[in-house]
Amino acid sequence: MNAMMMSTGSLPTYRASTTPDVPECFVANLRPDQPVLVAIHGISRNAAEIAMRFAIHPAFRQVSIIAPLFTRERFGQYQQMRTRKPGQTQSDAALIRLLEEVAEEHGVPVTRFRLFGFSGGAQMAHRFAMFHPERVERLCAVSAGWYSLPRTDLAYPYGIGNGQGDPLVGPDFLDIPTTVIVGNRDTRVDESVRQDPEIVEHQGRNRLRRARCYVSAASAYADSLGRPGRPQILTLHGVSHDFTQCVAEGELLEFVAQNLV
Amino acid sequence: MTIHDLSTFVGSDRIARLSARIAAAKRAFTTRNVDLTRAARLARSDRVPRAGDIILARVTTIGQHRRIENIHGRRGDLYVGDEIIVAYGNRYAPDQFEAYVPEDLGPCELVAGGGVAARVTAKHARVRQATAIEVLGVLQDRTGRTLNLADFGADQHPRSRPPRVIAVVGSSMNAGKTTTVAGLVHGLSRSGFKVGAAKLTGTGSGGDLWSMRDAGAALAVDFTDAGHASTFGVATEELGRITQTLLGRLADADADIAVVEIADGLLHGETAQLLETGHAHGWFDAVLFAASDAMGAAFGCQWLAQRGLVPVAVSGLVSASPLASREAERATGIAVATLSELRDPISASRIVFSQPSRQVAA
Numbered sequence: 001m002n003a004m005m006m007s008t009g010s011l012p013t014y015r016a017s018t019t020p021d022v023p024e025c026f027v028a029n030l031r032p033d034q035p036v037l038v039a040i041h042g043i044s045r046n047a048a049e050i051a052m053r054f055a056i057h058p059a060f061r062q063v064s065i066i067a068p069l070f071t072r073e074r075f076g077q078y079q080q081m082r083t084r085k086p087g088q089t090q091s092d093a094a095l096i097r098l099l100e101e102v103a104e105e106h107g108v109p110v111t112r113f114r115l116f117g118f119s120g121g122a123q124m125a126h127r128f129a130m131f132h133p134e135r136v137e138r139l140c141a142v143s144a145g146w147y148s149l150p151r152t153d154l155a156y157p158y159g160i161g162n163g164q165g166d167p168l169v170g171p172d173f174l175d176i177p178t179t180v181i182v183g184n185r186d187t188r189v190d191e192s193v194r195q196d197p198e199i200v201e202h203q204g205r206n207r208l209r210r211a212r213c214y215v216s217a218a219s220a221y222a223d224s225l226g227r228p229g230r231p232q233i234l235t236l237h238g239v240s241h242d243f244t245q246c247v248a249e250g251e252l253l254e255f256v257a258q259n260l261v
Numbered sequence: 001m002t003i004h005d006l007s008t009f010v011g012s013d014r015i016a017r018l019s020a021r022i023a024a025a026k027r028a029f030t031t032r033n034v035d036l037t038r039a040a041r042l043a044r045s046d047r048v049p050r051a052g053d054i055i056l057a058r059v060t061t062i063g064q065h066r067r068i069e070n071i072h073g074r075r076g077d078l079y080v081g082d083e084i085i086v087a088y089g090n091r092y093a094p095d096q097f098e099a100y101v102p103e104d105l106g107p108c109e110l111v112a113g114g115g116v117a118a119r120v121t122a123k124h125a126r127v128r129q130a131t132a133i134e135v136l137g138v139l140q141d142r143t144g145r146t147l148n149l150a151d152f153g154a155d156q157h158p159r160s161r162p163p164r165v166i167a168v169v170g171s172s173m174n175a176g177k178t179t180t181v182a183g184l185v186h187g188l189s190r191s192g193f194k195v196g197a198a199k200l201t202g203t204g205s206g207g208d209l210w211s212m213r214d215a216g217a218a219l220a221v222d223f224t225d226a227g228h229a230s231t232f233g234v235a236t237e238e239l240g241r242i243t244q245t246l247l248g249r250l251a252d253a254d255a256d257i258a259v260v261e262i263a264d265g266l267l268h269g270e271t272a273q274l275l276e277t278g279h280a281h282g283w284f285d286a287v288l289f290a291a292s293d294a295m296g297a298a299f300g301c302q303w304l305a306q307r308g309l310v311p312v313a314v315s316g317l318v319s320a321s322p323l324a325s326r327e328a329e330r331a332t333g334i335a336v337a338t339l340s341e342l343r344d345p346i347s348a349s350r351i352v353f354s355q356p357s358r359q360v361a362a
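Which chain is which? The protein sequence lines are A and B, in order. full-length UniProt numbering puts the first residue of the first sequence at 1, with every later residue one more than the last. full-length UniProt numbering puts the first residue of the second sequence at 1, with every later residue one more than the last.
Shown next as structure tokens:
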């Protein structure tokens, strides 16, 4: 019998909530001397799987992984950082509290971090970057269902306007190195792809189209403000809207590593 | 040793006749990995059977096992006079039989529906006499070597295993271990993981494997895949080899998580040995305890804690009763997970990636 057989490296561990306004999470590789990656799940809430895929990938061995778990009951529409019921907590505030707690426990640097989101998690990630650009070092938004377009004529959450044509957020998010990733077969329109007229009119009907619209809109907004930052878009060949498939067949984590690590 | 001459046929005619007889026989689940085309002779008398030897037998009396599970999982009816292909193996089943591989090829019993032949030494008061069989002979290849399950088991994979391995152990037979395994496999599969499942010890039967597969396991294997009809009486070293072999199979299938079941209760010798050896070698990342009642949960968690194996959760039959669950939680300080929680992808992930407490409540 060989004890070496069971050498596994660092796998995620579950961290329970300390208070109702702090999300549970799965963490891996937490060390103070390396960057932090926050990875946000989609509507299936597969935070554990996301944490594990990153944790066991060689490119992320020197990265502290934090994958929060936003339950519907406590954090409402976490994708839009909006609550739906009294007593719920906005997901962006909850994430910041969580990071502060983890930083206190493990000494990891969370002042600025790398941010990844898949599907609903990509929705939250790009919006978090808009509202908290000082915290996001690099951003990777993968397969978001739809976006808050960087347009002040569209009220949040469809755009970044306040309803009177003024921006709700500053332009600093444009300076965050941003990569938008989507499968080239992520074109199916099912009940999980919202078809609000405000979204369809400005972003199209499917995720592939919407990703392209976001990148175009962000580039145009940066141009209008004289900002140099431009998000880039990557399409994963042969994959649709499935995180596991994107990792296994689309080399998603390799692309994420190139852009976040 | 004498070679039983089936007829006046000789050479290839005899082999052809044996092949036809084998094809007509009811072949049991435990023999599913055996290449029966290698069978060329039927040998009997003067030889001492070994666990794993493949035999052709005839049913002489129908008893407890009225059916035999075939290699595809179907439980087919048995009739007196049926010829069956099964393997010798010991049986340890407190609610059925205690039975051992006999020291001769005389009459014995079918002691498990998956196809295990042994001689019964004790039985539970509520079960019928075992189904009796007449051993027609052991199957041998052209060189006279007896076909044995060990020759058809997977090779050992000494340095390979899935990234996370969860062991499910229980307070006793029928404490809900297999249901717990299936529930956890289902929940983890739904949460995006590729889950492999294995039954490391017990008596050969497809039921548990089909349950694991039905729940969503990408691959389900058991000790019969490592060359044993049963693990009762198997040495600790060999239990370790079985464990490594099966975990290697699951790793080869790219399983992210393995959920492995160790049969019977903690007080069963092989279960205790495997747990202790596994703990010493770090084979299991977490343990989940299936208890039939609160008292079993309390004792089992203490037993495990004394060996440094505090469970991450308690489940099993006790979880079906809210009152019993509360008793168990009070007694152990460990959360009881219901079947619906195991099947829930988020709850299952929480359980599997939890860090166990340092100790069990006094």
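Built from N, CA and C at the ideal position, the CB exists for glycine as well. Bear in mind that the values here come from a model prediction, so they are computed numbers and not experimental data.
Could you name the residues of chain B that residue i contacts, counting a contact when the two beta carbons are closer than 7 Å?
| i | result |
| --- | --- |
| P12 of chain A | F353 |
Taking C-beta pairs closer than 9 Å, name the residues in chain B that residue i reaches, listed in chain order.
| i | result |
| --- | --- |
| I56 of chain A | P163, D256 |
| F243 of chain A | G192 |
Nearest chain B C-beta to residue i closer than 8 Å, yes or no?
| i | result |
| --- | --- |
| N259 of chain A | no |
| M52 of chain A | yes |
| R45 of chain A | yes |
| A3 of chain A | At A3 of chain A the pLDDT is 35, less than 50, meaning the model places this residue with poor confidence; the figure from the coordinates comes in the next sentence. So yes, A3 of chain A belongs to the interface. |
| E254 of chain A | no |
Between which two residues does the alpha helix (DSSP H) carrying residue i extend?
| i | result |
| --- | --- |
| Y214 of chain A | 207 to 225 |
| residue 391 of chain B | With chain B represented from 1 up to 362, any question about residue 391 of chain B goes unanswered, as that position is not in the structure. |
| R127 of chain A | 120 to 131 |
| G159 of chain A | Careful: G159 of chain A lies outside any alpha helix (DSSP H) and carries neither H nor E. |
| A291 of chain B | First-last for A291 of chain B: undefined, no H or E at that position. |
| T244 of chain A | 243 to 250 |
| A280 of chain B | 269 to 281 |
| I199 of chain A | 197 to 203 |
Quick one: list the residues of chain A neighbouring residue i, beta-carbon separation under 7 Å, in chain order.
| i | result |
| --- | --- |
| S349 of chain B | A48 |
List, in order along the chain, the chain B residues whose C-beta lies closer than 8 Å to that of residue i?
| i | result |
| --- | --- |
| T19 of chain A | Under the 8 Å cutoff, chain B gives no residues; its nearest Cβ is about 17 Å from T19 of chain A. |
| F26 of chain A | S349, F353 |
Could one say the Cβ of residue i lies closer than 8 Å to chain A's Cβ atoms, at least one of them?
| i | result |
| --- | --- |
| I84 of chain B | no |
| I346 of chain B | yes |
| A361 of chain B | no |
Could you round the C-beta distance between residue i and residue j to whole angstroms and report it? I think they count as a contact, below 8 Å.
| i | j | result |
| --- | --- | --- |
| V59 of chain B | Y88 of chain B | About 16 Å; that fails the 8 Å criterion. |
| I40 of chain A | M124 of chain A | 5 Å |
| V180 of chain A | P231 of chain A | 6 Å |
| G115 of chain B | I68 of chain B | 6 Å |
| R210 of chain A | V189 of chain A | Incorrect: roughly 11 Å between the Cβ atoms, too far for contact. |
Can you tell me where the beta strand (DSSP E) holding residue i begins and where it ends?
| i | result |
| --- | --- |
| V259 of chain B | 257 to 265 |
| A112 of chain B | 108 to 112 |
| G76 of chain B | 75 to 77 |
| E191 of chain A | Note, E191 of chain A: premise wrong, no beta strand (DSSP E); not H, not E. |
| G183 of chain A | 178 to 183 |
| L30 of chain A | No beta strand (DSSP E) holds L30 of chain A; DSSP gives it neither H nor E. |
| L236 of chain A | 232 to 236 |
| E103 of chain B | First-last for E103 of chain B: undefined, no H or E at that position. |
- If you scan the stretch 302 to 356 of chain B from start to end, which runs of the beta strand (DSSP E) of 3 or more residues do you find wholly inside it? Entirely contained in the stretch 302 to 356 of chain B, the beta strand (DSSP E) runs reaching 3 residues are, in chain order, 313 to 315.
- Let me know the beta strand (DSSP E) ranges lying completely inside the stretch 1 to 70 of chain B, each 3 residues or longer, listed in chain order. Qualifying beta strand (DSSP E) stretches, in chain order: 41 to 44, 54 to 61, 67 to 69.
- Along the chain, which unbroken stretches of the alpha helix (DSSP H) at least 4 residues long are found entirely within the stretch 187 to 229 of chain B? The qualifying runs are 206 to 215.
- Item | Runs of beta strand (DSSP E) lying entirely within the stretch 124 to 189 of chain B, each at least 3 residues, in chain order | 131 to 140, 164 to 170, all fully within the stretch 124 to 189 of chain B.
- Message: Going residue by residue through the stretch 51 to 95 of chain A, where are the continuous alpha helix (DSSP H) segments of at least 4 residues, counting only ones entirely within it?
- Response: Listed in chain order, they are 72 to 75.
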